[in-house]
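Data first, discussion second: the structure below is written as structure tokens.
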Amino acid sequence: MDPASAVGTASAAITLFEFTYSFLKTAYELYDHGSSAGYARLESVAKDMGAVSSKLIDESPPPPSATEDEVALVNLAKQCHQLSTDLVRQIGARKADEKRIQFAIKGAFKLVCARDVIVRLQNDLERCQAQFHLRLTVLRSEQIQGSLEKLQQASDDFRKELVKGRERANQRNIIQSLKFDVMDERYQDIPRAAEKTFEWIMKNQDAQTSSNRKLRFGFRDWLLTGDDVFHISGKPGSGKSTLMKFLCNHPETEDVLKTWAGARKLLTARFFFWKSGSSFQKTLRGLMRSLLCLILEQCLEVIPQVLPDHWDPSEYEFWNSHPFIEITHDEIATAFEILIETTSVHKDYASCFFIDGLDEFEDPSLTHGDLISSILGWVNASHGALKICVSSREWPAFLNRLPDSHRLKLQDLTRNDIETVVWRELGKEEHFQELTATYPIECRKLERRIVDNAQGVFLWVTLTLRVLRQGLENLETLQDLNIKLKDIPLELEAFYSYILDSILWADRRKALFALAFTVAASEDNGVSNESLHPGFTLFRTSSLFRYAFLSPYTERKDFAEDLEFSDLSREQIQERMKVAETQIYGYCKGLLEVRDEHGDSGCGVFSTKPSKKVIITHTSILQFLKAYLNSHQQELRGFDYAEACIQTLIAVVKSIVFNTTHCFDQGMFHLLENLVALIRDHPAQDKTPYFHQLDLLDDAIGCRQAAILPDLKHIRWLKFSIMSTITGFNRPLFSTILHASVYECFCEYVRWKIEKSPELLSDDLGVILLEAVVDGIFYYQRDLSELLRELLGRRGLSPNSVSPTPDYGGLTIWELHATRLLLGAVRLTRSWKAAQTFLEHGAPAPVWVLPMPESTGVPLVLKFGRTYVVPEDISLGWGERLWHKRIDLGGGRKTLFSIMEKLNPDNAEDISRLLESADSCSGGQSLLPANTPSGDTERPLRSLCQTIDEPDLNNHPQWVNGDLGSRKAPNENIAQLATMPALADGHRKQQKVGTSALNLAIKALVNPATAWMVTLCVLLFTMFSREEQSV
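Numbering (my numbering), first residue to last: 977 to 2007.
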């Protein structure tokens, strides 16, 4: 056989052998297991693929909502499912039906013959599976990309919201700083208009024009199309303020103004002058502050434009308290001018102001004419974007400056309103109903006489109806009522005298005491004209419960001293208030009234909004009472308002149940502050009797608080923040007369108290008293330098005493004050006078190491005779970290000279001389805080601190609280380094290098990883230097 044939024959034999082996193997597997092992695995995989693809087809979204990739993926799943089904069918059709050799051979033959078909289906399935995986991978990557994009968008949105949140916080803080405690008080005190009165002002425009022939159009028409200033004039008591409140609340007012504003946003604001109120309630600066606050609340987006110096949202973090902002009057005036005159503001906004009581304006440096000039100037500068409605009495200052074409005379338009009130009030009395049924014509004449005599004055009607209704309660005849009406004077002041003269003699003393107490409470007693003090309203808001103790005070001036402590229930308090209300109306005949405030349901003495308070019915009554009481001093003999305040407060404290709220209540402390200020400004030459009474009040409060907190004796003098309403502090606010006296600069009482109780200067008590002086200097408008000098000088307190207040983080009193000068950018003369006093009494020259402006998380380091790293969580009394950028000092080493260059205080030369003297005298002496234990070696010595360069805060953040943090150097190492001998004179270069090495070694103590290496280098260098010197 030739070679080629031999190869072919061999090849065929091999093929036949492979086929035979495969056939026999397959036949054996079919016989033994019913199927081939390889095909069984293939069948199992095919079934799994079919199940997965079937599930994907079932769960796929409907075509309208499916994407292109999802549709392609479903089509591939269908192909996989079909191929899987075909492959399973091909393998299943060739299994052995029974375990017999002939069936096994038959099945094996079928499988071998169908091998190509099965392999093709397998390959198709693998390709389909690969495409499926590829498509699925692409789809998943697109979904992941979409998720990442959504995450990025969410992150961007979060950053935007964070920025918006900071802006909102900045906006709220500015608005809060503009508000003052009594801004809305007068508006709230004005009673609402009686039902179905004043409705004519929005409906009957013809009646308005007929009352004043020069009036161009009625009020509603002015709202819709007019400009300039609309003037509502009227007699005292004619209802001007009530009408202004009615207009502010009337829904049609806003609707008509919106029509006038058009596409611009409508802004409305109101202000009600009150001569008997605080400075901000009766001056131009109070008017501008209130209007600016109310307007900015409605258009927050213009705040950066009108108050740019206070706009810095970067200072606001959600996890930190907000910085304290103090906006000066000049800044407010500038902001108000921008708001009124800026064209960009006019384009987007239209404003309407309602200003009531121009006649109650009272400013030491301005006249009513100046006020009118300002109002007219605002309107003219707005170019039609502002209109103002004002009300006042008919004084020449207003009648001559404001045009007649925009004026209503209120008393000429309210006859129908007065008729409505008279008919309704008399109709409530059952006896008058009986008289009307018997004498209808005569009763109608009586009503008309009341209306005619009123001459448009609502107040006269109110007081007259009170007199007549009292007669009706006594079942007086119609003739008696007419006689009473005839006796009532037509003029208000004569009517007031008539009322007072009609008080029974037995009740007259109590009535005059109640009137005098209310008149005195309405004055600016004890409150600075510049103050925004939250206690002012509380001091003038005469809670009805205090009047419950005026009667016993009338009988005995020191009644409260012997009063036993009692725990009145809420029901008993309400019962006493009900009795007091009845007595006030009975004694004072309507000159005083009790106003239901729907506030504090308790006694309300320490609340700015008690449930019921006593007020004078009308401003004209207040002015009359001042003159009347002054001319009846003989009948008021023995009345002392300050003494009455103290005695009634002692009685209140002894009568109510104290709880933890009273122990931590700021309202009580603000009340004490104003009480102390009242005594301070009292004209009495000898105030010692008041001091004893203040001590009795202090003891009563202390006893009540001690019952709640048994260990009060030890913690009562804990420091509290007088700014907690602004900074959000939550610390014990124990109310003491001494602290209140310090803050109110009542030095006479402080000296008396210290002489009486010298233990107040011992240990931490003296430090806290000194700290109170520093806080008073920083927060209040008073100069406490004299008291500070006395405490540091004659009383022997140390400026280097560490504050026990946790929020001050271990700073000494001097460090606290000086750092406030730095971080708060304080330009106040009183603060720099205090700094001079500190330096005069042994305070060390301060040095600060400020982080660079771009640094984050880097602490502030102080050097006041010791090195101290300010912890991140201390507040210095502000409730936030105050950074140096407030005065733009930059980073690095700063001294008092650095601050004085920026702020230029009046006593800069005196402070400079003291600093130079301190530097020349300091030498290398150790100066630890006065109340630091002698064994406290964790605080570096002054001699050591003087050799330390500024620490590398970025690398060594462990410097905490003046120590070396958790990495403390051994005492012997400190002593060795501090006393290392200097190099010989003449070797200046070596001395310089040696000093640098020493500084480096001291720095390295912060990091133990390098301490041993640097110390070794220093020792080797020192040995080398000594060896060189010996040579």
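Each residue gets a CB set at the ideal place from its N, CA and C atoms; glycine is no exception.
{"Query": "Where Ile1271 falls: helix, strand or coil (DSSP)", "Result": "helix"}
{"Query": "Short Cβ contact (7 Å threshold) for Tyr1415 with Asp1483", "Result": "no"}
{"Query": "Contact the segment 1264-1280 vs the segment 1168-1183: 3+ CB pairs below 8 Å", "Result": "no"}
{"Query": "Alpha-carbon spacing of Pro1538 relative to Asp1675, whole angstroms", "Result": "The sequence given here places Asp at residue 1538; Pro does not occur at that position. The straight-line gap from Cα to Cα measures roughly 13 Å."}
{"Query": "At least three beta-carbon pairs within less than 8 Å, the segment 1200-1208 to the segment 1415-1434", "Result": "no"}
{"Query": "First through last residue of the alpha helix (DSSP H) which encompasses Glu1449", "Result": "1434-1449"}
{"Query": "Cut-off 6 Å between Cβ atoms - residues of its own chain near Phe1814, not counting five sequence neighbours on either side", "Result": "Pro1775, Trp1790"}
{"Query": "Contact belief for Trp1287 with Ile1316 at Cβ below 8 Å, rounded distance in angstroms", "Result": "That belief does not hold up - the Cβ atoms of Trp1287 and Ile1316 are roughly 19 Å apart, past 8 Å."}
{"Query": "Other residues of its chain near Leu1767: CB distance less than 6 Å, five sequence neighbours each side excluded", "Result": "Leu1746, Leu1773"}
{"Query": "Span separating the alpha-carbon of Lys960 from that of Thr1390", "Result": "No answer is possible for residue 960: the residues shown for the chain start at 977 and end at 2007."}
{"Query": "Segment limits, alpha helix (DSSP H) that includes His1407", "Result": "1406-1414"}
{"Query": "Beta-carbon separation (whole angstroms), Leu1741 vs Pro1822, contact threshold 8 Å", "Result": "With 8 Å as the limit, Leu1741 and Pro1822 do not qualify as a contact, their Cβ atoms being about 26 Å apart."}
{"Query": "Exposed unless 16 or more other CB atoms sit within 10 angstroms - verdict on Trp1693", "Result": "The predicted model places Trp1693 with a pLDDT of 41, which falls under 50 and marks its position as unreliable; any figure quoted below should be read in that light. By the 10 Å Cβ count, Trp1693 comes out buried."}
{"Query": "6 Å Cβ shell around Arg1420 - same chain, five flanking residues per side excluded", "Result": "none"}
{"Query": "Extent of the continuous beta strand (DSSP E) to which Ser1209 belongs", "Result": "1205-1210"}
{"Query": "Bounding residues of the alpha helix (DSSP H) (the contiguous stretch that carries Lys1323)", "Result": "1319-1324"}
{"Query": "Rounded distance between the beta-carbons of Lys1385 and Ser1587, thought under 8 Å", "Result": "So it is not a contact: roughly 39 Å between Cβ atoms."}
{"Query": "Inter-residue Cα distance where the pair is Lys1602 and Phe1312", "Result": "36 Å"}
{"Query": "Whole-angstrom C-beta distance between Ser1519 and Lys1589, which should lie under 8 Å", "Result": "6 Å"}
{"Query": "Contact belief for Ser1779 with Leu1764 at Cβ below 8 Å, rounded distance in angstroms", "Result": "About 15 Å; that fails the 8 Å criterion."}
{"Query": "Alpha-carbon to alpha-carbon, Asp1332 and Ser1358", "Result": "21 Å"}
{"Query": "Exposure of Ala1470, with buried meaning 16 or more beta-carbon neighbours within 10 Å", "Result": "exposed"}
{"Query": "Between the CA atoms of Glu1452 and Phe1408 - distance to the nearest angstrom", "Result": "10 Å"}
{"Query": "Residue range of the alpha helix (DSSP H) that includes Phe1195", "Result": "1195-1201"}
{"Query": "Nearest candidate by alpha-carbon position, reference Ala1430, set Gln1446, Glu1395, Asp1456", "Result": "Glu1395"}
{"Query": "Backbone secondary structure at Gly1911 - three-state DSSP", "Result": "Note on Gly1911: pLDDT 36, under 50, position unreliable in the model; the coordinate value appears next. The answer is coil: DSSP assigns Gly1911 none of H, G, I, E or B."}
{"Query": "The segment 1245-1252 in contact with the segment 1103-1122 per 3-pair CB rule at 8 Å", "Result": "no"}
{"Query": "7 Å Cβ cutoff met for Ser1761 and Ala1810", "Result": "yes"}
{"Query": "Euclidean distance between Cα positions of Asn1188 and Phe1174", "Result": "17 Å"}
{"Query": "Residues near Arg1964 by beta carbon distance below 7 Å, same chain, minus five either side", "Result": "The predicted model places Arg1964 with a pLDDT of 37, which falls under 50 and marks its position as unreliable; any figure quoted below should be read in that light. Nothing listed; no residue qualifies."}
{"Query": "Residue from Cys1275, Phe1248, Lys1211, Ser1266 with nearest C-alpha to Lys1241", "Result": "Cys1275"}
{"Query": "Proximity below 7 Å, CB of Val1749 to CB of Val1718", "Result": "yes"}
{"Query": "Counterpart residues of Lys1870 in DSSP-defined beta bridges", "Result": "Trp1824"}
{"Query": "Residue interval of the alpha helix (DSSP H) (run including Asp1456)", "Result": "1454-1463"}
{"Query": "Backbone secondary structure at Ser1367 - three-state DSSP", "Result": "strand"}
{"Query": "Through-space distance from Lys1870 to Arg1862, alpha-carbon basis", "Result": "Any reading at Arg1862 must be qualified, since the residue scores a pLDDT of 45, below 50, and its modelled position is unreliable; no value is offered."}
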